[in-house]
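Chemist:
Number of protein chains: 2
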Amino acid sequence: MSQIQSAGVIGAGVIGSGWIARLLLNGVDVYVFDPSKEAPKNVAGVIQNAERAYKNLLKSNLPKKGILSFSASISEVAKSSEIIIEAVPERLTAKQSVYDEIESNAADDLIITSSTSGILPSDLQSEMKHPERLIVAHPFNPVYLLPLVEIVGGKETSQEVIKKACSIFTHVGMFPLHIKKEIPAFIADRLLESVWREALWLVNDDVATTEEIDDAIRYGFGLRWAQMGLFETYRLAGGEAGMRHFISQFGPCLEWPWTHLMDVPDFTEELIDKVSNQSDDQSGQYSIDELMQKRDDNLVDFLKVLKENRWGAGNLLKEYDQTLSNSQKKLEFSELDLSQPIDTYTTHIPKEWADYNGHMTESRYLECFSEATTELMEIIGADEKYIATVGSYFTVETHIRHLDEVLIGERIYSKTQVIYGQNKKLHLFHWLHHDDGRLLATAEHMLIHVDLKTRGASMPSDLVMDRTERIYSAHKKLPAPDGLSRAVGDKV
Amino acid sequence: MSQIQSAGVIGAGVIGSGWIARLLLNGVDVYVFDPSKEAPKNVAGVIQNAERAYKNLLKSNLPKKGILSFSASISEVAKSSEIIIEAVPERLTAKQSVYDEIESNAADDLIITSSTSGILPSDLQSEMKHPERLIVAHPFNPVYLLPLVEIVGGKETSQEVIKKACSIFTHVGMFPLHIKKEIPAFIADRLLESVWREALWLVNDDVATTEEIDDAIRYGFGLRWAQMGLFETYRLAGGEAGMRHFISQFGPCLEWPWTHLMDVPDFTEELIDKVSNQSDDQSGQYSIDELMQKRDDNLVDFLKVLKENRWGAGNLLKEYDQTLSNSQKKLEFSELDLSQPIDTYTTHIPKEWADYNGHMTESRYLECFSEATTELMEIIGADEKYIATVGSYFTVETHIRHLDEVLIGERIYSKTQVIYGQNKKLHLFHWLHHDDGRLLATAEHMLIHVDLKTRGASMPSDLVMDRTERIYSAHKKLPAPDGLSRAVGDKV
Chain A
1 MSQIQSAGVI GAGVIGSGWI ARLLLNGVDV YVFDPSKEAP KNVAGVIQNA
51 ERAYKNLLKS NLPKKGILSF SASISEVAKS SEIIIEAVPE RLTAKQSVYD
101 EIESNAADDL IITSSTSGIL PSDLQSEMKH PERLIVAHPF NPVYLLPLVE
151 IVGGKETSQE VIKKACSIFT HVGMFPLHIK KEIPAFIADR LLESVWREAL
201 WLVNDDVATT EEIDDAIRYG FGLRWAQMGL FETYRLAGGE AGMRHFISQF
251 GPCLEWPWTH LMDVPDFTEE LIDKVSNQSD DQSGQYSIDE LMQKRDDNLV
301 DFLKVLKENR WGAGNLLKEY DQTLSNSQKK LEFSELDLSQ PIDTYTTHIP
351 KEWADYNGHM TESRYLECFS EATTELMEII GADEKYIATV GSYFTVETHI
401 RHLDEVLIGE RIYSKTQVIY GQNKKLHLFH WLHHDDGRLL ATAEHMLIHV
451 DLKTRGASMP SDLVMDRTER IYSAHKKLPA PDGLSRAVGD KV
Chain B
493 MSQIQSAGVI GAGVIGSGWI ARLLLNGVDV YVFDPSKEAP KNVAGVIQNA
543 ERAYKNLLKS NLPKKGILSF SASISEVAKS SEIIIEAVPE RLTAKQSVYD
593 EIESNAADDL IITSSTSGIL PSDLQSEMKH PERLIVAHPF NPVYLLPLVE
643 IVGGKETSQE VIKKACSIFT HVGMFPLHIK KEIPAFIADR LLESVWREAL
693 WLVNDDVATT EEIDDAIRYG FGLRWAQMGL FETYRLAGGE AGMRHFISQF
743 GPCLEWPWTH LMDVPDFTEE LIDKVSNQSD DQSGQYSIDE LMQKRDDNLV
793 DFLKVLKENR WGAGNLLKEY DQTLSNSQKK LEFSELDLSQ PIDTYTTHIP
843 KEWADYNGHM TESRYLECFS EATTELMEII GADEKYIATV GSYFTVETHI
893 RHLDEVLIGE RIYSKTQVIY GQNKKLHLFH WLHHDDGRLL ATAEHMLIHV
943 DLKTRGASMP SDLVMDRTER IYSAHKKLPA PDGLSRAVGD KV
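In the order they appear, the protein sequences are chains A and B.
Numbering-wise, my numbering puts 321 at position 321 of the first sequence, and it's gapless, one number per residue.
Numbering-wise, my numbering puts 780 at position 288 of the second sequence, and it's gapless, one number per residue.
1) Any idea what DSSP makes of Gln227 of chain A, helix, strand or coil?
2) Between Met1 of chain A and chain B, is the shortest Cβ-Cβ distance under 7 Å, so that the two count as touching?
3) DSSP on Met852 of chain B, reduced to helix/strand/coil?
4) Only counting the same chain, and skipping five residues up and downstream in sequence, which positions put a Cβ closer than 6 Å to that of Ala680 of chain B?
5) List, in order along the chain, the chain B residues whose C-beta lies closer than 8 Å to that of Pro147 of chain A?
6) Name, going along the chain, the residues of the segment 754-784 of chain B whose beta-carbon falls closer than 7 Å to a beta-carbon of chain A.
7) Quick check for students: name the residue ranges of the beta strand (DSSP E) that lie wholly in the segment 605-669 of chain B, counting only runs of 3 or more.
8) In its own chain, which residues sit with a C-beta less than 6 Å from the C-beta of His967 of chain B, not counting the 5 before and 5 after it?
9) Using a threshold of 7 Å, state whether the C-beta atoms of Glu690 of chain B and Ile671 of chain B are closer than that.
10) Within this structure, are the beta carbons of Pro613 of chain B and Gly646 of chain B separated by less than 7 Å?
11) Determine the burial state of Glu827 of chain B: buried for a count of at least 16 other Cβ atoms within 10 Å of its Cβ, exposed for fewer.
12) Please list, in chain order, the chain A residues whose beta carbon lies closer than 8 Å to that of Ala949 of chain B.
13) Compute the distance between the beta-carbons of Ser561 of chain B and Tyr523 of chain B, then report whether it is under 7 Å.
14) Classify Ala479 of chain A: buried if its beta carbon has 16 or more other beta carbons within 10 angstroms, exposed otherwise.
15) I need the straight-line Cα distance from Leu858 of chain B to His399 of chain A, nearest angstrom please.
16) For Arg978 of chain B, which residues in chain A fall below 8 Å Cβ to Cβ?
17) When the distance is taken between beta carbons, is Val464 of chain A closer than 7 Å to Gly391 of chain A?
18) Is Asp927 of chain B buried or exposed, if buried means 16 or more other CB atoms sit within 10 Å of its CB?
19) DSSP beta-bridge partners for Leu440 of chain A?
20) Leu439 of chain A versus chain B: which residues are under 8 Å apart at the beta carbon?
21) For Asn818 of chain B, does the count of other Cβ atoms within 10 angstroms reach 16, so buried, or fall short, so exposed?
22) Taking the continuous alpha helix (DSSP H) assigned at Glu593 of chain B, which residues delimit it?
23) State the DSSP-derived secondary structure class of Gln3 of chain A, mapped to helix, strand or coil.
24) Apart from the five residues on each side of it in sequence, which residues of its chain come closer than 6 Å, Cβ to Cβ, to Thr760 of chain B?
25) Closest Cβ-Cβ distance between Gly66 of chain A and chain B: below 7 Å?
26) Whose Cβ in chain B lies nearer than 7 Å to the Cβ of His348 of chain A?
27) Can you tell me where the beta strand (DSSP E) with Glu578 of chain B in it begins and where it stops?
28) Nearest chain A C-beta to Phe723 of chain B closer than 7 Å, yes or no?
29) Going by C-alpha distance, which of B:Ile604, B:Asp521 and B:Arg962 is nearest Gln832 of chain B?
30) Name, please, each residue of chain B whose Cβ falls closer than 7 Å to the Cβ of Trp311 of chain A.
31) Please check the pair Tyr636 of chain B and Ala531 of chain B, which I expect to be a contact at CB under 8 Å, by giving their CB distance rounded to whole angstroms.
32) Measuring only between beta-carbons, confirm whether Phe738 of chain B sits less than 7 Å from chain A.
33) Taking only three categories from DSSP, how would you classify Ala504 of chain B?
34) Starting from the Cα of Ser60 of chain A, find the closest Cα among A:Gly483, A:Val152 and A:Leu324 and give me that residue.
35) Could you check where the alpha helix (DSSP H) with Glu556 of chain A kicks off and where it finishes?
36) Please list the partners that Arg727 of chain B has in chain A, where partner means a Cβ-to-Cβ separation under 8 Å.
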């Protein structure tokens with residue numbers, strides 16, 4: 001996949017800011033041009049929301065954040081960037097003059113992508129000196145969380161440019177959907193336009209309020225679409241007979257007068273007032289920022305659910321997270337310092353680990369210690385593959401001391417000492433610390449090596465035994481940890 | 493809320509079966525009429541999927557399942573039921589003849605609800621003797637999971653009937669959306685029709701395949717709609733300026749040729765083939781039942797996410813779960829048998845508690861023991877309100893023995909003995925058993941009572957102290973549990 005170091009974003013509204021946040025958090029330096037004085041403040045707010053969301057989205061750490069620079073001109077952005085993302089208002093001439101300024105100042109092969117919701121790329125590129133470099137890359141709000149980006153080439157776009165852009169977007173966690181046939185509004189916005197028009201009629205004719213329409217979506221088919229879309233959902237509505245049966249049952253309804261298909265509502269002042277006022281009644285109790293954070297929390301958790309269930313957008317997230325994790329260098333066994341307890345697990349405490357008052361809940365301490373054990377097992381060679389083919393260490397006994405509290409969102413880390421490690425037995429002691437150094441808890445575990453098939457005690461492989469013994473013989477020179485071999489209720 | 497004991501369902505296709513499953517699992521006896529020989533088998537399959545989904549959806553136990561009876565005639569159903577749900581094919585005359593047969597055999601005030609996707613209730617009731625009893629109650633597939641049911645009255649429907657039906661549907665966990673103005677296809681299906689038509693054009697014109705269209709939805713706006721719908725989402729696209737700004741920016745696009753609004757595609761054999769074949773390519777690797785289970789897993793987890801985040805359909809689920817829990821009688825303190833360890837926690841192990849091979853993962857044992865502690869705290873009076881206003885017991889030390897494995901989906905329960913309980917200290921011992929009696933694990937905890945404000949050790953309230961001491965003085969006559977006061981690594 002193409003990894004870029006720098007990108008330029010022209011226009012820092014809702015969409016431009018979302019692009020900026022996604023790129024920066026994926027380690028790309030971003031040069032921004034936006035004439036508005038408000039732009040830096042607005043962009044900072046979006047980045048903050050994106051950071052908040054990503055903390056909860058990924059298991060891996062993100063790369064080092066990119067550097068954000070506001071440039072004084074489009075030409076300055078063009079000179080510093082490996083790709084240009086145009087996100088200015090939907091006016092053909094405005095966009096064309098941006099491209100003109102870029103072309104006068106940048107290398108001939110600098111890729112330009114337009115975030116337009118529906119203007120044809122062939123129209124966008126019609127006045128360009130190097131039209132082959134322009135594509136549409138249409139993202140969805142919030143750009144830092146929603147994976148979809150529609151990729152559309154114009155008549156003169158080169159296939160190489162499409163390929164390279166898709167690769168760049170994949171690298172920052174997106175789902176580039178290459179639309180092969182050029183059509184105004186592409187795919188998603190054609191569907192959205194249809195619904196938007198029909199919904200406006202329902203409000204206009206006082207059939208339903210904006211809130212009732214939203215409820216009809218989010219308590220109903222919206223929950224289906226988030227995972228399967230339209231056709232796969234209808235395949236199921238057809239029962240065992242599938243899509244063909246569904247069409248035979250419901251196809252004819254298309255001819256019934258079930259929508260306002262022949263007509264477009266006029267945007268009278270009255271209609272605008274009605275929609276805006278109803279929207280205030282519905283959502284006005286939340287600030288826009290509160291709503292955005294709520295939306296992001298839900299999106300993050302939906303994506304995590306899909307990842308857990310290995311479905312759709314979740315598969316993409318899994319791959320992205322794995323790629324991030326692979327790119328983080330791990331120490332080789334021979335590079336470890338065995339004269340000290342070993343660094344094992346570290347995490348930001350995710351929000352679902354909170355108790356009623358925002359502290360990490362009791363059972364998650366054991367989850368952290370389990371992860372520390374898993375990490376130690378990986379170090380000695382009892383990794384995922386070993387577990388799937390040879391055996392594993394099972395915990396038979398655990399002792400935990402809770403020493404201090406910690407709030408969600410904070411970073412914690414663990415260190416691990418091998419108390420005993422020979423043959424089938426592994427005796428571990430973990431310390432769990434707050435990022436500021438405070439000791440939060442300790443755990444002592446006895447583990448037994450178990451055979452994958454018999455599920456009875458067994459000897460580990462030679463590699464695992466050798467590494468375990470090497471750590472054990474180094475760690476037994478360390479002092480016994482404070483709290484070792486305690487029973488519950490022992491005097492301090 | 494109206495709770496009913498019995499309901500009749502006429503027509504047991506995909507929608508009828510979904511109604512049957514939801515009602516049965518909510519403790520309602522269901523009488524079914526469907527002339528098809530396949531009906532009992534199909535209904536059984538849907539009930540099985542619903543039971544699978546509900547196990548994971550709710551914290552509370554469902555009431556005792558209702559009794560399912562297949563009746564030989566519509567009149568038999570009509571005589572046995574407190575409400576009739578009609579779910580026969582979308583033909584006005586077919587529906588009217590069902591109502592006629594019901595009216596000839598049932599009490600004059602038996603409510604009849606039609607599951608029609610779009611026929612006007614005024615038309616449905618036009619030939620009835622008691623038209624005031626008919627409403628449309630339009631649900632969404634899968635009916636046992638999606639909360640939305642559109643409620644529409646006809647010209648002659650009584651307001652009392654609408655009110656009663658809404659109350660019945662709320663009681664079985666649904667979201668009745670009362671649509672005040674009668675219009676063909678109501679709200680949701682008008683929106684769905686628009687999208688369906690536009691999507692068919694995209695397939696017809698080879699702009700996109702069914703899979704590409706589904707991806708454009710589920711990697712993009714589908715994730716937004718599952719939580720906020722259309723208008724609240726667009727409010728955010730407008731940025732700080734909200735809905736009014738959004739309309740001023742995007743309203744004009746409605747006049748652009750961004751949809752096929754003026755035209756309906758013909759359902760030629762060729763188009764039907766194209767859609768069906770593309771759908772097979774897209775989803776054919778899964779059986780319909782596999783797809784339905786995948787959909788249900790995702791829906792259940794989305795609803796749980798929304799419940800956790802206190803949003804939309806999740807608020808409804810929370811209330812529903814709470815209502816179920818409230819209806820389950822708990823023993824008073826004075827009714828407890830203190831001469832034995834106390835029954836504390838019980839659960840079906842949810843699927844997200846699985847390790848890589850389907851066993852309950854290590855940290856969830858501590859979660860079960862935490863829940864057992866919470867349950868014991870509630871018994872002694874340290875309940876949610878006490879924790880929010882007075883103080884709580886904090887675990888300072890834990891010892892766990894893992895003795896046997898358990899698979900997800902299985903039921904487990906805990907028993908608890910108070911080892912010591914005076915002043916600020918509470919020393920507990922829990923046993924965790926499989927439903928079949930096997931001992932899975934034990935846990936020993938030392939807890940200290942902590943003041944809400946100072947977060948330092950403090951004395952519990954008189955009530956809590958009195959109850960704790962009463963259990964302690966009874967439990968100290970019991971033998972010391974096997975494994976008490978062990979340190980990790982002690983000889984057996």
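Ideal placement from N, C-alpha and C gives every residue a C-beta, glycine not left out.
Modeler: Looking at the atomic coordinates:
1) Gln227 of chain A: helix per DSSP, three-state reduction.
2) Here Met1 of chain A scores only 49 on pLDDT, less than 50, and its place in the model should not be relied on; the value that follows carries that caveat. No - not a single Cβ of chain B is within 7 Å of the one on Met1 of chain A.
3) Correct three-state label for Met852 of chain B: strand.
4) Taken in chain order, the list of residues that qualify is empty.
5) Near Pro147 of chain A (Cβ distances below 8 Å), the residues of chain B are Tyr711 and Gly712.
6) Result list: Met754, Val756, Phe759, Ile764, Val767, Ser768, Ser771, Gln774, Ser775, Ile780, Leu783 and Met784.
7) Taking 3 residues as the minimum length, the beta strand (DSSP E) runs contained wholly in the segment 605-669 of chain B are 626-631 and 640-645, in order along the chain.
8) So the list reads Gln909 and Val910, once near-sequence residues are dropped.
9) Against a cut-off of 7 Å, the Cβ pair of Ile671 of chain B and Glu690 of chain B comes out as no contact.
10) Yes, they are a contact pair.
11) With fewer than 16 other beta carbons inside 10 angstroms of its own, Glu827 of chain B counts as exposed.
12) Near Ala949 of chain B there are no residues of chain A at all, since even the closest Cβ is about 13 Å away, more than 8 Å.
13) Yes. Within cutoff.
14) Before going on, a small fix: residue 479 of chain A reads as Pro here, not Ala. Exposed, because fewer than 16 other Cβ atoms sit within 10 Å of the Cβ of Pro479 of chain A.
15) Each residue's alpha carbon lies about 11 Å from the other.
16) Chain A residues near Arg978 of chain B: Glu397 and Ala487.
17) The criterion of a C-beta distance shorter than 7 Å is not satisfied by Gly391 of chain A and Val464 of chain A.
18) Exposed, because fewer than 16 other Cβ atoms sit within 10 Å of the Cβ of Asp927 of chain B.
19) Answer is none; Leu440 of chain A lacks a bridge partner.
20) Neighbours of Leu439 of chain A in chain B, taken as residues at a C-beta separation under 8 Å, are lacking, since the least C-beta distance is about 14 Å.
21) Residue environment for Asn818 of chain B: exposed (fewer than 16 other C-beta atoms within 10 angstroms of its C-beta).
22) Taken as a continuous stretch (DSSP letters only), the alpha helix (DSSP H) holding Glu593 of chain B covers Leu584 to Glu595.
23) The three-state reading of DSSP puts Gln3 of chain A in coil, since its state is none of H, G, I, E or B.
24) Cβ within range, chain order: n/a, list empty.
25) Contact with chain B is absent for Gly66 of chain A, since none of that chain's Cβ atoms lies less than 7 Å from the residue's Cβ.
26) Ordered by position in chain B, no residue passes the 7 Å Cβ test against His348 of chain A, which lies about 17 Å from the chain.
27) In the DSSP assignment, Glu578 of chain B falls within the unbroken beta strand (DSSP E) covering Ile575 to Glu578.
28) The beta carbon of Phe723 of chain B falls within 7 Å of a beta carbon belonging to chain A, placing the residue at that interface.
29) Comparing Cα-Cα distances from Gln832 of chain B to each of B:Ile604, B:Asp521 and B:Arg962, the minimum goes to B:Arg962.
30) The contact set of Trp311 of chain A on chain B, defined by CB atoms closer than 7 Å, consists of Lys786 and Asn790 in chain order.
31) Taking a contact as a CB-CB distance under 8 Å, the pair Tyr636 of chain B and Ala531 of chain B does not count as one, their CB atoms being some 17 Å apart.
32) Not one chain A Cβ lies under 7 Å of Phe738 of chain B.
33) The answer is coil: DSSP assigns Ala504 of chain B none of H, G, I, E or B.
34) When each option's Cα is compared against that of Ser60 of chain A, the closest is A:Leu324.
35) This structure cannot settle anything about residue 556 of chain A, because the visible part of chain A is limited to 1 through 492.
36) Per Cβ cutoff of 8 Å: Ser279, Ser283, Ile288 and Leu291.
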